[in-house]
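Contents: one structure, followed by commentary.
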Amino acid sequence: MKHLVDFVAEKYGDQPCFGQRSDFATAATWSTYRQTRRDTLAFGSALRSILPSRATVGLYGKNSPEWVYSQLACGYFGWVSVPLYDTLGDKAMDYILNQTEISLVVCDTFELAESILKRGSRYLRYLVVIKISEEDRQKLMKKAKDSVTIFTFAEMMIRGLGREEDFPEPNPDDLFLVCYTSGSTGLPKGVMYTHQTFLNAMSTASRIYEIAEISRFGNVHVSFLPLAHIFEQIGMAGSLLYGSQIAFLTTDYTRLLDDYAYYRPTLVGMVPRVLSRMYAAVMEKVNTSKLKARLFERAIKSKLEEQKRGIFKQCGILDSLCFRPIRNRLGGQVRCIVCGGAPLQPEVIRFAKSVFSCPIIEVYGSTESGGMITMVLPTDITGGHAGSVVPDVKIKLIDVPSMGFTVKRDGIGEICAISPAGTPGYYKESEQTKELFDEDGFLRMGDVGRWTENGTLQIVDRCKNIFKLSQGEYVAPEKVEQVYALSPLVLNVYVDGSSLYSYTVAVVVPNFEKIQKLFPELFDELLSGGTKGDSKKYFAEACRQKKLMKLILNDLNKLGAENGLKGFEQVRDLHLSPEPFSIENGLLTPTMKIARPQIRKHFAAQIQALYATGNR
1 MKHLVDFVAE
11 KYGDQPCFGQ
21 RSDFATAATW
31 STYRQTRRDT
41 LAFGSALRSI
51 LPSRATVGLY
61 GKNSPEWVYS
71 QLACGYFGWV
81 SVPLYDTLGD
91 KAMDYILNQT
101 EISLVVCDTF
111 ELAESILKRG
121 SRYLRYLVVI
131 KISEEDRQKL
141 MKKAKDSVTI
151 FTFAEMMIRG
161 LGREEDFPEP
171 NPDDLFLVCY
181 TSGSTGLPKG
191 VMYTHQTFLN
201 AMSTASRIYE
211 IAEISRFGNV
221 HVSFLPLAHI
231 FEQIGMAGSL
241 LYGSQIAFLT
251 TDYTRLLDDY
261 AYYRPTLVGM
271 VPRVLSRMYA
281 AVMEKVNTSK
291 LKARLFERAI
301 KSKLEEQKRG
311 IFKQCGILDS
321 LCFRPIRNRL
331 GGQVRCIVCG
341 GAPLQPEVIR
351 FAKSVFSCPI
361 IEVYGSTESG
371 GMITMVLPTD
381 ITGGHAGSVV
391 PDVKIKLIDV
401 PSMGFTVKRD
411 GIGEICAISP
421 AGTPGYYKES
431 EQTKELFDED
441 GFLRMGDVGR
451 WTENGTLQIV
461 DRCKNIFKLS
471 QGEYVAPEKV
481 EQVYALSPLV
491 LNVYVDGSSL
501 YSYTVAVVVP
511 NFEKIQKLFP
521 ELFDELLSGG
531 TKGDSKKYFA
541 EACRQKKLMK
551 LILNDLNKLG
561 AENGLKGFEQ
571 VRDLHLSPEP
581 FSIENGLLTP
591 TMKIARPQIR
601 KHFAAQIQAL
611 YATGNR
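For the sequence shown, the positions run 1 to 616 when full-length UniProt numbering is used.
Below, the structure is given as structure tokens:
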């Protein structure tokens with residue numbers, strides 16, 4: 001990582017590197033690549049004055065230049081960085097702090113620093129706070145007493161400026177990063193990255209930058225996905241390697257589109273949920289008129305025919321009428337979208353490729369695999385698969401006896417891979433590391449998949465997500481949820497099943513804004529006396545009404561039939577919840593995926609009630 005910092009400073013010099021606005025009314029302030037190296041070395045030199053070599057450093061807070069300086073400093077001088085995030089929960093946070101023996105934590109705010117201090121880790125010696133008033137600092141110092149020393153980030157920078165000294169460079173096989181995965185059960189696992197494996201992951205991802213022609217046109221990257229996740233870690237490193245302008249959110253992701261409109265990003269990282277919601281919102285407006293719908297479909301077909309021949313252009317009358325207004329919501333300069341986490345529905349891919357008139361690159365991988373191991377080619381518009389194996393990676397399918405899947409008979413098996421970016425194992429977890437690999441040294445991805453006729457890999461679902469119904473049929477809930485997410489009537493949907501029952505059920509968060517617009521009479525009917533001025537009470541009351549449940553259930557089953565879901569995959573009953581799934585309430589992961597174990601636990605009583613009123 002030292003060589004990366006030195007290389008980009010030398011190559012890009014005074015070009016803008018990191019940018020951020022203090023509020024939406026002011027212009028962004030940018031630091032250069034040369035300044036980034038200076039600040040990285042200053043912070044690292046300050047750390048050298050208080051930390052021993054190979055110490056572990058926690059990074060806790062939202063994405064910011066200071067967050068990145070801290071991690072780059074760790075890589076440059078040889079410390080191990082451990083990203084932290086509060087959605088892990090108290091027990092998991094305590095476990096990580098103690099397992100990694102973190103001696104210093106860089107915190108974004110006073111509140112986060114205070115929460116770390118309260119945990120009373122016996123290894124913690126220093127807290128560095130990025131944004132803090134003198135009054136709050138005194139509060140922390142009083143609580144810390146003599147056990148923990150409090151620094152501001154600014155103090156550390158002053159302490160380290162001009163203090164460069166000779167030091168032993170990290171070796172390629174030295175540990176660089178421990179990235180904790182929330183996991184589905186039990187305590188989180190720390191996925192290890194050496195300097196070499198992380199650089200290998202960055203090298204693999206560089207193929208995306210080549211497709212987007214970043215070296216020719218330049219790049220603007222808006223960093224909003226959490227840096228605690230490997231997807232954004234690799235995106236950040238790749239953006240630095242290619243001399244990108246890297247912008248950070250002004251407030252939080254709820255106003256992401258405002259930052260997109262200002263910074264006008266060119267290479268955008270997405271999760272399937274965001275694109276699916278965008279598709280549903282646009283198509284709802286398009287389908288209000290038969291003329292609009294025909295015009296939009298004609299524009300899509302025209303775009304896709306061009307893209308089959310490798311032509312991606314943003315011009316023409318149909319493009320101006322149908323697509324440009326949508327593109328402008330993301331700044332109007334997007335040249336490539338990278339989507340990971342789950343395969344996109346074919347209709348969503350058709351929509352996105354047409355609207356943005358650029359490659360939509362779906363990638364598949366995991367934290368353990370070091371990012372992507374397959375990638376969908378830019379000219380492939382078929383959808384429903386994870387693409388082809390990327391160079392230097394090997395993939396095989398193995399039998400899953402516990403689920404009755406045999407590769408030779410069913411063509412389905414657990415996906416296993418060997419990648420130069422793959423983790424050497426879990427931090428201080430030798431037994432779990434053994435379970436991670438098969439006898440040939442292939443990494444078990446934990447997903448069930450199959451090969452398609454054209455040689456692409458198709459993901460069925462997570463091994464632990466797939467469940468068998470009482471009649472022996474297997475259901476992949478994520479596939480069903482992706483179809484149901486296309487409904488404008490829902491914000492969130494979670495599908496559940498059990499081997500004790502012959503059908504599936506779901507927890508759904510209604511989209512009341514759309515329901516009011518599409519069904520105003522029903523909306524008024526649902527509005528009961530005494531709740532009219534209180535939206536929370538109204539939503540809770542409306543969720544108990546059978547009319548609303550039947551309306552949403554019929555819409556979901558209709559969508560399921562249109563998208564080829566089998567009868568046993570379709571949900572029979574719903575529980576409606578007024579509270580949207582979010583990262584804050586723990587029902588979404590930091591990358592905005594459904595947190596299945598947490599949702600199942602949170603709604604255990606309601607799910608059981610759905611089965612109790614049905615038939616076995």
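No residue lacks a Cβ here, since even glycine has one placed at the ideal position from N, Cα and C.
- Here the region 109-124 does not lie against the region 221-233, with fewer than 3 beta-carbon pairs under 8 Å apart.
- Per DSSP, residue 506 is not a residue of any alpha helix (DSSP H); the beta strand (DSSP E) it occupies stretches across 504-510.
- Excluding five sequence positions before and after residue 50, the CB atoms of its chain that fall closer than 7 Å to its own CB belong to 126, given in chain order.
- Its chain contains 201, 204, 205, 230, 231, 234, 363, 365 and 421 as the residues whose beta carbon lies nearer than 8 Å to that of residue 371, once the 5 sequence neighbours on both sides are disregarded; these appear in chain order.
- In the three-state reduction of the DSSP assignment, residue 214 falls in the helix class, which pools H, G and I.
- Per DSSP, reduced to three states, the secondary structure at residue 603 is coil, with no helix or strand assignment.
- Collapsing the DSSP output to three states places residue 15 in coil.
- Counting other Cβ atoms within 10 Å of its Cβ, residue 544 stays below 16 and is therefore classed as exposed.
- Taking the Cα positions, residue 522 is about 24 Å away from residue 505.
- Along the length of the region 249-314, whole beta strand (DSSP E) runs at least 3 residues long occupy 267-270, reported in chain order.
- DSSP links residue 394 through a beta bridge to 418.
- As for any beta strand (DSSP E) of minimum length 3 sitting wholly inside the region 147-212, the runs are 149-152, 175-181 and 189-194, ordered along the chain.
- Of the candidates 554, 557, 515 and 553, the residue whose Cα lies closest to the Cα of residue 539 is 515.
- With at least 16 other beta carbons inside 10 angstroms of its own, residue 221 counts as buried.
- Membership of residue 67 in the alpha helix (DSSP H) is indicated by the continuous run 65-77.
- The Cβ atoms of residue 280 and residue 157 do not sit closer than 9 Å to each other.
- By the neighbour-count definition (other C-beta atoms within 10 Å, threshold 16), residue 138 is an exposed residue.
- In terms of Cα proximity to residue 393, the closest of 374, 378, 585 and 213 is 374.
- For residue 484, the secondary structure class from DSSP, reduced to helix, strand or coil, is helix.
- Restricting attention to 576, 556, 247 and 555, the CA atom closest to the CA of residue 219 is found in 247.
- Residue 63 places its beta carbon 9 Å or farther from that of residue 296.
- A Cβ-Cβ distance of about 7 Å is found for the pair residue 65 and residue 20, placing them in contact under the 8 Å criterion.
- Burial check for residue 239: the Cβ neighbour count within 10 Å reaches 16 or more, so the residue is buried.
- Of the residues assessed, residue 103 falls on the buried side of the cut-off, its CB having 16 or more other CB atoms within 10 angstroms.
- Around residue 603, the same chain offers 507 as residues with beta carbons nearer than 6 Å, after the five sequence neighbours per side are excluded.
- For residue 365, the pairing in a beta bridge is given by DSSP as 372.
- For a cut-off of 8 Å, the C-beta gap from residue 33 to residue 58 is around 26 Å, too long to register as a contact.
- Your pair residue 411 and residue 450 checks out as a contact, with CB atoms roughly 5 Å apart and the cut at 8 Å.
- The criterion of a C-beta distance shorter than 9 Å is not satisfied by residue 382 and residue 309.
- Taking 9 Å as the cut-off, the Cβ atoms of residue 324 and residue 217 do not count as close.
- When the five nearest sequence neighbours on each side are left out, the beta carbons in the same chain lying within less than 6 Å of the beta carbon of residue 427 are those of 178, 190 and 192, in order along the chain.
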